[in-house]
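Numbering (full-length UniProt numbering), first residue to last: 1 to 362. We put the CB at the ideal spot given by N, CA and C, even for glycine.
Okay, here's the thing in structure tokens:
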């Protein structure tokens, strides 16, 4: 009898050891770092701090739990490490010098995350394109290459990337990347991709966004607004519905978006002056994820009108999904009753559209 109990205890012990890890552990050993240096762990999707610690004898540890694997960044003074974190034991072994190198091999430095392995394979595939990306954009801006040539270059990146994602579908990285391309791919192809995902991925935060994208009704001209709730730079809650009773110009922008900054700087002040005696209100919603960048841009532009955000990336922000936004800047003219009168793309004549609503000029 005693022998049976011992065997049973051993079996229970083995089963316990084999249980799925409930959270993540990041154990890092990085030489060349000073003791007591602060280390920050950030969610790269939301730029929210997940944890902080200090370095002792070149080592530091983070422990926690995630709902879904998430891209994160570790920041130590002038050193940063980006990778996919999941609920497993992740080890980082390197030196400060190695991390500062441009061509370091993160597949050797970071181990334990299967999601990160997929992300690194994808990054390696796109590396030849990344090297030419900035230069190609400059040439296009200076009209040294045609719009067709620039589009062909962009399409080559999209095609290479999406081919990899469809060939490596059942993981969190590929699903999150597909969200970036959801406006570029045919609905049928996305539906086929989603249908083949395992239940765990379908129910994940990324899966829900793709499912909503495929089935959620989007706001269009003539519809009532879908309310947007966020916070301004003072931390106060702002709702789009707060401005019902005014003709609203709803502006979607970000501090990292040069055309957005150009439009706010050059077009908005004259509009405010022109319609100052009308029941007119500009409301700006930012897709920034870094409060610092949002604040700096807002201060430089001297934004004096309501300006709010959820500090969430455009590709995972439900607001972008509901208003069918794939690129910014874009504006919506909203009636006093809260109906969407006009969706105004960046190249459209915004003043002309506002004249129709506020001045009755056709």
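Kindly list the residues whose CB is nearer than 6 Å to the CB of residue 119, restricted to its own chain and excluding five residues on each side of it in sequence; keep chain order.
The sequence position of residue 119 within the chain shown is 119, counting from 1. So the qualifying residues of the chain are 84 and 173.
What is the rounded straight-line gap between the Cα of residue 71 and the Cα of residue 292?
As a position in the chain shown, residue 71 is number 71, starting the count at 1. As a position in the chain shown, residue 292 is number 292, starting the count at 1. Using only the alpha carbons, I get a separation of about 20 Å.
CB residue 162 to CB residue 193, shorter than 7 Å?
As a working note, residue 162 is residue 162 in the chain shown. As a working note, residue 193 is residue 193 in the chain shown. No.
Let me know if residue 313 comes out buried or exposed under the rule of 16 or more other beta-carbons within 10 Å of its beta-carbon.
The sequence position of residue 313 within the chain shown is 313, counting from 1. The residue is buried, with at least 16 neighbouring Cβ atoms inside 10 Å.
For the candidate residues 232, 243, 326 and 355, whose alpha-carbon lies nearest to that of residue 427?
Residue 427 falls outside the range modelled here, since the chain spans only 1 to 362, and no answer is possible.
In the region 186-236, which residue ranges form an unbroken beta strand (DSSP E) of at least 3 residues, counting only runs that do not cross its ends?
229-232
Which of the three DSSP states, helix, strand or coil, is assigned to residue 40?
As a working mapping, residue 40 is identified with position 40 in the chain shown. Three-state DSSP puts residue 40 in a strand.
Is residue 150 near residue 176, with beta carbons less than 7 Å apart?
Numbered from 1 along the chain shown, position 150 holds the residue referred to as residue 150. Numbered from 1 along the chain shown, position 176 holds the residue referred to as residue 176. The answer is no: Cβ separation not under 7 Å.
Going by DSSP, which residues form a beta bridge with residue 253?
Here residue 253 corresponds to residue number 253 of the chain shown, with the count starting at 1. Residue 253 pairs with 286.
On a CA-only basis, which of 200, 144, 155 and 334 is nearest residue 185? Give me that one, please.
Counting from one through the chain shown, the residue named residue 185 turns up at place 185. Closest option to residue 185, Cα to Cα, is 155.
What first and last residue would you give for the beta strand (DSSP E) that runs through residue 63?
Counting from one through the chain shown, the residue named residue 63 turns up at place 63. First-last of the beta strand (DSSP E) with residue 63: 59-64.
Within 7 Å, strictly: CB atoms of residue 44 and residue 64:
As a working mapping, residue 44 is identified with position 44 in the chain shown. As a working mapping, residue 64 is identified with position 64 in the chain shown. Contact flag unset, no.
Looking at residue 93: is its Cβ nearer than 7 Å to the Cβ of residue 29?
Sequence index remark: in the chain shown, residue 93 carries index 93 (1-based). Sequence index remark: in the chain shown, residue 29 carries index 29 (1-based). Going by C-beta atoms, residue 93 is nearer than 7 Å to residue 29.
For residue 32 and residue 290, what's the separation of their Cα atoms in angstroms?
Residue numbering aside, residue 32 sits at position 32 when the chain shown is read from its first letter. Residue numbering aside, residue 290 sits at position 290 when the chain shown is read from its first letter. About 29 Å.
Could you pull the DSSP bridge partners for residue 103 from this structure?
Reading the chain shown from its first residue, position 103 is the one you call residue 103. Looking at the DSSP assignment, residue 103 forms no beta bridge with any residue, so it has no partner.
Whole angstroms is fine: what's the gap from residue 348's alpha carbon to residue 212's?
For the purposes of this step, residue 348 is taken as residue 348 along the chain shown, with counting starting at 1. For the purposes of this step, residue 212 is taken as residue 212 along the chain shown, with counting starting at 1. Answer to the nearest angstrom: the Cα atoms are 28 Å apart.
Leaving out five residues on either side along the sequence, give the residues of the same chain with a beta carbon under 6 Å from the beta carbon of residue 89.
Looking up residue 89 in the chain shown gives position 89. Cβ within range, chain order: 25 and 112.
In three-state terms, what does DSSP make of residue 154?
Along the chain shown, read from residue 1 onward, the residue named residue 154 stands at position 154. Residue 154 falls in the helix class under three-state DSSP.
Apart from the five residues on each side of it in sequence, which residues of its chain come closer than 7 Å, Cβ to Cβ, to residue 315?
Looking up residue 315 in the chain shown gives position 315. Counting only Cβ-Cβ distances below 7 Å, and skipping sequence neighbours, we find 179 and 180.
Compare the C-alpha of residue 350 against each of 329, 336 and 337 and name the closest.
Residue mapping note: residue 350 aligns to position 350 of the chain shown, counting from 1. Ranking the options by Cα distance to residue 350, first place goes to 329.
Can you say whether residue 356 is buried or exposed, counting buried as having 16 or more other CB atoms within 10 angstroms of its CB?
For the purposes of this step, residue 356 is taken as residue 356 along the chain shown, with counting starting at 1. So residue 356 counts as exposed.
Rounded to whole angstroms, what is the Cα-Cα separation between residue 275 and residue 146?
Along the chain shown, one-based indexing puts residue 275 at 275. Along the chain shown, one-based indexing puts residue 146 at 146. Going by the C-alpha atoms only, they are around 38 Å apart.
Under three-state DSSP, which class holds residue 71?
What you label residue 71 is simply residue 71 of the chain shown in a count that begins at 1. In this structure, residue 71 counts as strand in the three-state DSSP scheme.
So, are the CB atoms of residue 319 and residue 332 less than 7 Å apart?
Position 319 of the chain shown, counted from the first residue, corresponds to residue 319. Position 332 of the chain shown, counted from the first residue, corresponds to residue 332. No; because the gap between Cβ atoms is not below 7 Å, this pair is not in contact.
Measure the beta-carbon distance from residue 56 to residue 34 and round it to whole angstroms, keeping in mind my assumption that it falls under 8 Å.
Against the chain shown, residue 56 aligns to sequence position 56. Against the chain shown, residue 34 aligns to sequence position 34. No, residue 56 and residue 34 are not in contact; Cβ-Cβ is about 11 Å, not under 8 Å.
Inspect the beta-carbon positions of residue 226 and residue 322 and report whether they are closer than 7 Å.
Here residue 226 refers to the residue found at position 226 when the chain shown is read from its first residue. Here residue 322 refers to the residue found at position 322 when the chain shown is read from its first residue. Going by C-beta atoms, residue 226 is nearer than 7 Å to residue 322.
Using only the alpha-carbon positions, how far apart do residue 267 and residue 261 sit?
As a first step, residue 267 must be located in the chain shown, where it is residue number 267. As a first step, residue 261 must be located in the chain shown, where it is residue number 261. Going from the Cα of residue 267 to the Cα of residue 261 covers about 10 Å.
Candidates 338, 101, 277 and 253: closest to residue 303 by CA position
Along the chain shown, read from residue 1 onward, the residue named residue 303 stands at position 303. Comparing Cα positions, the closest option is 253.
Locate the beta strand (DSSP E) running through residue 291, then write down its first and last residues.
To locate residue 291, count along the chain shown from 1; it is residue 291. Taken as a continuous stretch (DSSP letters only), residue 291 belongs to no beta strand (DSSP E), being part of the alpha helix (DSSP H) at 291-301.
Proximity below 7 Å, CB of residue 251 to CB of residue 284:
Taking the first residue of the chain shown as position 1, residue 251 is located at position 251. Taking the first residue of the chain shown as position 1, residue 284 is located at position 284. Yes; because the gap between Cβ atoms is below 7 Å, this pair is in contact.
Could you tell me if residue 235 is buried or exposed, where buried requires 16 or more neighbouring beta carbons within 10 angstroms of its beta carbon?
Taking the first residue of the chain shown as 1, we reach residue 235 at position 235. Answer is exposed; the Cβ neighbour count stays below 16.
Identify, in the order they occur along the chain, each residue of the same chain with its Cβ nearer than 8 Å to the Cβ of residue 46, setting aside the five sequence neighbours on each side.
The sequence position of residue 46 within the chain shown is 46, counting from 1. Answer for residue 46: 289, 311, 312 and 313, listed in chain order.
Classify residue 377 as helix, strand or coil using the three-state DSSP reduction.
Since the first residue shown for the chain is 1 and the last is 362, residue 377 is missing from the structure and cannot be characterised.
Alpha-carbon to alpha-carbon, residue 239 and residue 229:
Taking the chain shown and counting its residues from 1, one reaches residue 229 at position 229. Taking the chain shown and counting its residues from 1, one reaches residue 239 at position 239. Cα to Cα, the separation comes out at about 5 Å.
Report the option in 271, 338 and 317 whose CA atom is closest to the CA atom of residue 305.
Translated into positions along the chain shown, residue 305 becomes position 305. Cα-wise, what sits closest to residue 305 is 271.
If you draw a straight line from the alpha carbon of residue 217 to that of residue 209, how long is it in whole angstroms?
For the purposes of this step, residue 217 is taken as residue 217 along the chain shown, with counting starting at 1. For the purposes of this step, residue 209 is taken as residue 209 along the chain shown, with counting starting at 1. Those two C-alpha atoms are separated by around 13 Å.
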